[in-house]
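Quick notes on the structure that follows.
Number of protein chains: 2
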Amino acid sequence: MGKLLVVGSVALDSVKTPFGEVTEALGGSATFFCTAASYFADIQLIAVVGEDFPSEHLAVLKRDRVDLNGLERRPGQTFRWRGEYSHKLNEAKTIDTQLNVFETFRPSVPESYRTPEQLFLANIDPELQLMVLEQVQRPSIVALDTMNFWIDGKIEALRKVLRKSDVLIINDGEAQALGGNRNLVQVSRIIRSWGPRTLIIKRGEYGVVMFHDDAVFALPAYPLESLKDPTGAGDSFAGGFMGFLASASVVDEQSFRQAVVYGSVMASFAVQSFSIDRLATLTDQDIKNRYMEFSQLTMFQA
Amino acid sequence: MGKLLVVGSVALDSVKTPFGEVTEALGGSATFFCTAASYFADIQLIAVVGEDFPSEHLAVLKRDRVDLNGLERRPGQTFRWRGEYSHKLNEAKTIDTQLNVFETFRPSVPESYRTPEQLFLANIDPELQLMVLEQVQRPSIVALDTMNFWIDGKIEALRKVLRKSDVLIINDGEAQALGGNRNLVQVSRIIRSWGPRTLIIKRGEYGVVMFHDDAVFALPAYPLESLKDPTGAGDSFAGGFMGFLASASVVDEQSFRQAVVYGSVMASFAVQSFSIDRLATLTDQDIKNRYMEFSQLTMFQA
Chain L
1 MGKLLVVGSV ALDSVKTPFG EVTEALGGSA TFFCTAASYF ADIQLIAVVG EDFPSEHLAV
61 LKRDRVDLNG LERRPGQTFR WRGEYSHKLN EAKTIDTQLN VFETFRPSVP ESYRTPEQLF
121 LANIDPELQL MVLEQVQRPS IVALDTMNFW IDGKIEALRK VLRKSDVLII NDGEAQALGG
181 NRNLVQVSRI IRSWGPRTLI IKRGEYGVVM FHDDAVFALP AYPLESLKDP TGAGDSFAGG
241 FMGFLASASV VDEQSFRQAV VYGSVMASFA VQSFSIDRLA TLTDQDIKNR YMEFSQLTMF
301 QA
Chain E
1001 MGKLLVVGSV ALDSVKTPFG EVTEALGGSA TFFCTAASYF ADIQLIAVVG EDFPSEHLAV
1061 LKRDRVDLNG LERRPGQTFR WRGEYSHKLN EAKTIDTQLN VFETFRPSVP ESYRTPEQLF
1121 LANIDPELQL MVLEQVQRPS IVALDTMNFW IDGKIEALRK VLRKSDVLII NDGEAQALGG
1181 NRNLVQVSRI IRSWGPRTLI IKRGEYGVVM FHDDAVFALP AYPLESLKDP TGAGDSFAGG
1241 FMGFLASASV VDEQSFRQAV VYGSVMASFA VQSFSIDRLA TLTDQDIKNR YMEFSQLTMF
1301 QA
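First to last, the sequence lines map onto chains L and E. Sequential numbering of the first sequence, starting at 1, is according to the numbering used here. Sequential numbering of the second sequence, starting at 1001, is according to the numbering used here.
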């Protein structure tokens, strides 16, 4: 089985939601991604933390199938994010962002990481995403996430990354901003003409829609009774999605659909607790059961 | 096959969307409902229009399977609604409402309408909904729609209707207001404790979720490339839903799911034109094809 390489952030998150709050909890895109993906595949992580990064967090990151050789520890403080969610839970209000060691982060891909089977470029500066792409042999699947900040500020670099990518995973507002259009069908045609064969649009509590070749696949989110913190849902989705594809014996239209379901399974667990508390303590049976629940949620007689 | 009785509005709608506008076009909840349902079942309509109601609209309403004996024509003007949609298309801004003959409307159920197999109470004053319920023999399925205006202003009458109902079909904001809670799983438990065994929550462009007995069924909306006017989508959904159930040989969990899909099929056609232009000109094959498209949109390997 091929290796799955991810570059992204490892952070200390202080988050407040209507259901509680945490201070300097383990967070960051790469953290959620790795944790979710590690149930499916072997992961190699490229990220940076500061001298202050607590060793107990390191212990949590050190999962069976996660290779931390690419996790740099550098002088200075770890990346910190502070955010709040209202009752709507669909969008975080950022209270404070301290880039710290992330500010000067230039991803350097260790020798042993340079032939990944698959690559996920989490939501970071597209110029850093390009740097990683240039250091590795072309993987069979390159996927990326991005956000409005880069769409507005670094569109040229982002377009370069898109040209070299297979899958773009973004939320609906970002897709509409990037495609310059409100209609998702039209947006999918525009964005996919720039490179990615697959566009996955995350719609928060409403689920996800995937445009892949000539087909469209839509999956509702799992209706949860108790939901604690949406932070990391998107990266957990990406982790389940890429992790499943890395473990699949055949990569076709059907496995892309299954990957979307596994992504949604992992996102549904991520939001049930703060940080990766729930996500990091699943059994394979938990994952299988939730997958079956998605099947029961959506199936009808054709 | 049993008869499907509907009480609701027949109106003259003036609607502006980013994709065009119409003036005094045929509209109203009962209009969309009847048109959608008439592909599946025989319909009896209770509504009122004024002396000014154009005969060409009457001709359009006079469909093969729609019985218009309960459509009163009374002195005065027809109910008029004027609304606008922004690019988001999810909520109409009402510019003007003229109730006209609807203001003094007291539904009177003709003798031949008093033993309906199924009853749909479209979004009107819950006191009028009660009046209809009192004039008919208990149908096997009573479904209703309502809105924030009645939730805020006539909650007691609405609760009485709910006690006598099987299915409530409302949009997500209304469900949250009625249940006094943001979480749809909790909302479904609260509302269903008041009477309806089934709660169907419409989520506009995101689709629909149904809580039915112990099961949840969620269906995404069909991603349309061209969408003209969302007016009537909800009533077209209800028409397809109730129409299918009226035509089904068995009414069980599976047929409720299929009914949700047929409802979504009819809603997806309704929004592709202004008024009922597209909805009124479908073939059975159009409906079957769109149903299959929903199946292809949502299916994955269990």
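Just so it is clear, CB atoms sit at the ideal spot from N, CA and C, and this is done for glycine as well.
Taken through DSSP and simplified to helix, strand or coil, residue 286 of chain L comes out as helix. For the pair residue 186 of chain L and residue 1225 of chain E, the Cα-to-Cα distance works out to about 7 angstroms.
Per the Cβ contact rule, the segment 67–84 of chain L is not in contact with the segment 277–291 of chain L (fewer than 3 Cβ pairs under 8 angstroms). Counting the other CB atoms within 10 Å of its CB gives residue 1250 of chain E a total below 16, which places it among the exposed residues. Taking 3 residues as the minimum length, the beta strand (DSSP E) runs contained wholly in the segment 173–249 of chain L are 198–202, 208–212, 215–219, in order along the chain. Interface residue (Cβ-Cβ distance to chain E less than 8 angstroms): residue 85 of chain L is not classified as such. Taking 8 angstroms as the cut-off, the Cβ atoms of residue 1210 of chain E and residue 1237 of chain E do not count as close.
About 7 angstroms separates the beta carbons of residue 1014 of chain E and residue 1022 of chain E, which is inside the 8 angstroms limit, making them a contact pair. In summary, the residues of the segment 1172–1189 of chain E whose CB is separated from some CB of chain L by less than 8 angstroms are 1182, 1183, 1184, 1185, 1186, in the order they occur in the chain.
Residue pairing for residue 30 of chain L: DSSP places it in no beta bridge. Here the segment 1193–1203 of chain E makes contact with the segment 1168–1176 of chain E; the two share three or more CB pairs at distances below 8 angstroms.
Non-local C-beta neighbours of residue 20 of chain L in its own chain, meaning closer than 8 angstroms and more than five positions away in sequence, comprise 228, 229, 274, ordered along the chain. It is roughly 30 angstroms from the alpha-carbon of residue 79 of chain L to the alpha-carbon of residue 245 of chain L. When only Cα atoms are considered, residue 264 of chain L and residue 1216 of chain E end up about 17 angstroms apart. Only residues of its own chain outside the window of five on either side were considered, and among them 1048, 1050, 1074, 1076 have a CB closer than 6 angstroms to the CB of residue 1101 of chain E, listed in chain order. Where residue 84 of chain L is concerned, there is no enclosing alpha helix (DSSP H), although the beta strand (DSSP E) around it starts and stops at 80–85.
DSSP, read as helix, strand or coil, puts residue 41 of chain L in coil. In this structure, residue 1175 of chain E lies near residue 1191 of chain E, with their beta-carbon atoms less than 8 angstroms apart. Counting every other CB atom within 10 Å of its CB across the protein chains shown gives residue 1036 of chain E a total of 16 or more, marking it as buried. In the three-state scheme derived from DSSP, where H, G and I count as helix and E and B as strand, residue 1155 of chain E is classed as helix.
The continuous alpha helix (DSSP H) containing residue 1269 of chain E extends over residues 1253–1270. In summary, the residues of the segment 211–232 of chain L whose CB is separated from some CB of chain E by less than 9 angstroms are 211, 215, 216, 217, 218, 219, 220, 221, 222, 223, 224, 225, 226, 227, in the order they occur in the chain. Look at residue 297 of chain L: its C-beta is under 8 angstroms from a C-beta on chain E. Identification of chain E residues near residue 261 of chain L by a Cβ-Cβ cut-off of 7 angstroms yields 1300, ordered along the chain.
Boundaries of the alpha helix (DSSP H) harbouring residue 1129 of chain E: 1126–1135, taken from the DSSP string. When DSSP states are grouped into helix, strand and coil, residue 119 of chain L belongs to the strand group.
The Cβ atoms of residue 1043 of chain E and residue 1066 of chain E lie closer than 8 angstroms to each other.
Here the alpha carbons of residue 1183 of chain E and residue 1189 of chain E stand approximately 10 angstroms from one another. Contact with chain E is found for residue 203 of chain L, since one of that chain's Cβ atoms lies less than 8 angstroms from the residue's Cβ.
Around the C-beta of residue 1257 of chain E, 16 or more other C-beta atoms lie within 10 Å, and the residue is accordingly described as buried. As DSSP reads the structure, residue 93 of chain L sits in a beta bridge with L:84.
Of the other Cβ atoms in all chains shown, 16 or more fall within 10 Å of the Cβ of residue 1259 of chain E; this residue is therefore buried. Counting the other CB atoms within 10 Å of its CB gives residue 94 of chain L a total below 16, which places it among the exposed residues.
Secondary structure at residue 16 of chain L: strand, using DSSP grouped into helix, strand and coil. DSSP, reduced to helix, strand and coil, places residue 1099 of chain E outside both helices and strands of the structure shown, so it counts as coil. In terms of Cβ geometry, residue 206 of chain L and residue 223 of chain L do not form a close pair [threshold 8 angstroms].
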